[in-house]
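Peer 1:
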Amino acid sequence: MDSKELREQIFHLVAEYTSQVHGPTPFVPGTTRIQYAGRVFDERELLNMVDAVLEFWITAGRYAEQFEAQLGEFLGVRHIIPVNSGSSANLVAISTLCSPRLKNGLRPGDEVITPAAAFPTTIAPILQNQLVPVLVDSTVGEYNLDPDQLEPALSDRTRALFFAHTLGNPAEMDRITAFARKHDLWMVEDCCDALGSRYDGQMVGTFGQLATLSFYPAHHITMGEGGAVYTNSARLARLARSIRDWGRDCFCGYDNPPDGKCGRRFRHVPGLGDYDHRYVFSEIGYNLKITDVQAAMGVAQLEKLAHFVAARKRNFQILYQGLQSFATLIALPRWWDKADPSWFAFPMTVADTAPFARADLMAYLESQRIETRVLFAGNILNQPGYRDIPCRVVGDLENTDRIARGTFFVGVYPGLDRPRLDYILDALALFFHRYV
Ligand SMILES: Cc1ncc(COP(=O)(O)O)c(C=O)c1O
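Numbering-wise (our numbering), the sequence shown opens with residue 4 and increments by one.
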């Protein structure tokens, strides 16, 4: 058999194996685990990955290039910078704004307004870059930064806003953007949970200068591990790529011609003399790159993205409609008028006055094989690693504490079909009927 035939046979076997081993499984109520999230894939992902493995380029290459182009098209954004996680994307985005080469960039001690109810690695890069997080309250229901807290948060050191569109629910961008413009602040949107969400018809992540995504399996598309920074600014994109790639100055991209893309690889560099541009480091960087095998999976996932977003919205609506009669026991999710969320999950908040505790409800659901999660770090200031962080706190964070005490979520991901969603609704109804 020649290599072409071997390849075809490998692909044929991989497809057959995938449908046998990873095909749909029947739903057995009470036995099948109802995940809060998970990867949804078929043979396309495995075939692309096997293709990348057989090619053995391994580091980011043609699949990564294709991924950048296709994701850029989906988002309507010029520059996509893939990285190895959403946390890395956040680190790259904030570090980019701290580049000494950036006019008006962030400097140590500058303040960044951010909600205290967060995923930890939205706040971590602020601290890692010697900036000061200014922690503000969120709203219960939307679980996003409360725009009323912005003016009270302002000081003469305020330079940026960094916040997530929590669980895919777009933050109130009219007021936030107006505030950022008025005070000339940088704005970075953590869209790790919000791929495909829109506000006033516009994709989230395109309101500020930089935005981030995660491709961990729980998110809208996956690469196993992965993430991306995106921006419409060529200047910021070049800095972000440099920080991702060891801090190097060279911006050749994937084709890597011997003389460099610029045709001036060997040049005089002040302080270095005649030097190879590939080894000129103009930033203090990291290595946060992806492999082409990850990108190959991402390309197959992108083909399904529109369908994934539609399924998440549909599943959310099924749960939302089904829970209306229990709105006195739990706060149901809310979204701003102009928001069109591509939901990550279905959040609920148990009222302090409810006749049961959140822990009871979560334990009950878990006992019914329904996965639950609390809203990430809750109040970040109560987390062991963050208790003593240098920060400024605005107000009493009352809602943040309520979220920390009462909020949890169940899944809406595309792997959940109608029988599974009905099972969640039935289980919740059974629990709530003990009290109403
Ligand atoms: C809002 C938010 N930001 C950042 C991250 C970090 O992404 P990753 O797990 O890919 O590092 C997550 C993870 O779920 C997240 O929910």
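The beta carbon of each residue, even a glycine, is placed where N, CA and C say it ideally should be.
Everything numeric in this text was worked out from a predicted model, so none of it was measured.
Under a Cβ-count criterion, where at least 16 other Cβ atoms within 10 Å of its own Cβ denotes burial, should G112 be classed as buried or exposed?
Peer 2: exposed
Peer 1: Report yes if the CB atom of V312 is closer than 8 Å to the CB atom of G204, and no otherwise.
Peer 2: No, they are not a contact pair.
Peer 1: When burial is assigned at 16 or more other CB atoms within 10 Å of the CB, is H223 buried or exposed?
Peer 2: buried
Peer 1: Identify whether A380 lies in helix, strand or coil by the three-state DSSP scheme.
Peer 2: coil
Peer 1: Between T375 and Y39, is the Cβ-Cβ spacing less than 8 Å?
Peer 2: yes
Peer 1: Is the beta carbon of K316 less than 8 Å from the beta carbon of W346?
Peer 2: yes
Peer 1: Quick check on Y202: does DSSP put it in helix, strand or coil?
Peer 2: strand
Peer 1: Taking the alpha helix (DSSP H) that L49 falls in, what are its first and last residues?
Peer 2: E46 to E58
Peer 1: At the level of alpha carbons, what is the spacing between E58 and G26?
Peer 2: 26 Å
Peer 1: Taking the straight line between their C-alpha atoms, what separation do you get for A81 and Y233?
Peer 2: Reading off the sequence, residue 81 comes out as Arg, not Ala. So the alpha carbons of these two residues sit roughly 8 Å apart.
Peer 1: Give me the DSSP bridge partner(s) of G230.
Peer 2: BP columns for G230 point to V86 and S217.
Peer 1: Between I373 and A430, is the Cβ-Cβ spacing less than 8 Å?
Peer 2: Taking the C-beta atoms as reference points, A430 is found nearer than 8 Å to I373.
Peer 1: Return the chain-ordered ranges of every alpha helix (DSSP H) run that is complete within the stretch 234-283 and spans a minimum of 4 residues.
Peer 2: Here the runs fully enclosed are 237-247.
Peer 1: Can you list, in chain order, the residues of its chain whose CB lies under 8 Å from that of S285, leaving out five sequence neighbours each side?
Peer 2: R104, S245, G250, R251 and D252
Peer 1: Following the continuous beta strand (DSSP E) through M351, name the residue where it begins and the one where it ends.
Peer 2: Annotation for M351: the continuous beta strand (DSSP E) segment containing it runs A348 to V353.
Peer 1: How do the stretch 45-60 and the stretch 181-198 stand: do at least 3 beta-carbon pairs fall below 8 Å, yes or no?
Peer 2: no
Peer 1: Roughly how many angstroms separate the alpha carbons of A120 and T352, rounded to a whole number?
Peer 2: 14 Å
Peer 1: Taking only three categories from DSSP, how would you classify F30?
Peer 2: coil
Peer 1: Determine the contact status of L3 and A231, defining contact as a CB-CB distance below 8 Å.
Peer 2: Residue 3 falls outside the range modelled here, since the chain spans only 4 to 439, and no answer is possible.
Peer 1: Is the beta carbon of P417 sitting closer than 8 Å to the one on V24?
Peer 2: no
Peer 1: Nearest to Y323 by alpha carbon, out of R162, E401, Q69 and P336?
Peer 2: Out of R162, E401, Q69 and P336, P336 has the C-alpha closest to the C-alpha of Y323.
Peer 1: Compute the Euclidean distance between the alpha carbons of I13 and L49, then round it to the nearest angstrom.
Peer 2: The alpha-carbon atoms of I13 and L49 are separated by roughly 11 Å.
Peer 1: The beta strand (DSSP E) that contains K164, what's its start and end?
Peer 2: It is Leu, not Lys, that sits at residue 164 in the sequence shown. Per DSSP, L164 belongs to the beta strand (DSSP E) from T161 to A167.
Peer 1: Quick check: what's the CA-CA separation for K7 versus I116?
Peer 2: Straight-line Cα distance between these residues: approximately 56 Å.
Peer 1: Is the stretch 152-163 touching the stretch 177-194, taking contact as three or more C-beta pairs under 8 Å?
Peer 2: As far as the Cβ criterion goes, the stretch 152-163 touches the stretch 177-194, which means the pair count is three or higher.
Peer 1: Can you tell which of A330, C255 and R241 has the C-alpha that lies nearest to the C-alpha of I83?
Peer 2: Out of A330, C255 and R241, R241 has the C-alpha closest to the C-alpha of I83.
Peer 1: Can you confirm whether the stretch 272-284 touches the stretch 375-387 when touching is taken to mean that 3 or more C-beta pairs between the two stretches lie within less than 8 Å?
Peer 2: In short, these stretches do not touch, since the Cβ pair count stays below three.
Peer 1: So does C195 have its beta carbon nearer than 7 Å to some heavy atom of ligand 1?
Peer 2: yes
Peer 1: Closer than 8 Å is the cut-off here; do at least three beta carbon pairs connect the stretch 206-219 with the stretch 139-154?
Peer 2: Contact between the stretch 206-219 and the stretch 139-154 is absent, because fewer than three Cβ pairs lie under 8 Å.
Peer 1: Grouping DSSP H, G and I as helix and E and B as strand, with all else coil, what is V302?
Peer 2: Three-state result, V302: helix.
Peer 1: Rounded to whole angstroms, how far is the Cβ of A72 from the Cβ of A243, which I believe are closer than 8 Å?
Peer 2: 17 Å between Cβ atoms; not a contact.
Peer 1: For A237, which residues from the same chain have a beta carbon less than 8 Å from its beta carbon, with the 5 sequence-adjacent residues on both sides left out?
Peer 2: R81 and H82
Peer 1: Considering only the alpha carbon of each residue, which of T62, G274 and A167 lies closest to N290?
Peer 2: It is T62.
Peer 1: Using a Cβ-Cβ cut-off of 6 Å (strictly less than) and excluding sequence neighbours within five positions of A314, which residues of its own chain qualify?
Peer 2: P417
Peer 1: On the DSSP letters alone, give me the boundaries of the beta strand (DSSP E) that E374 sits inside.
Peer 2: Neither: E374 is in no beta strand (DSSP E) and is coded neither H nor E.
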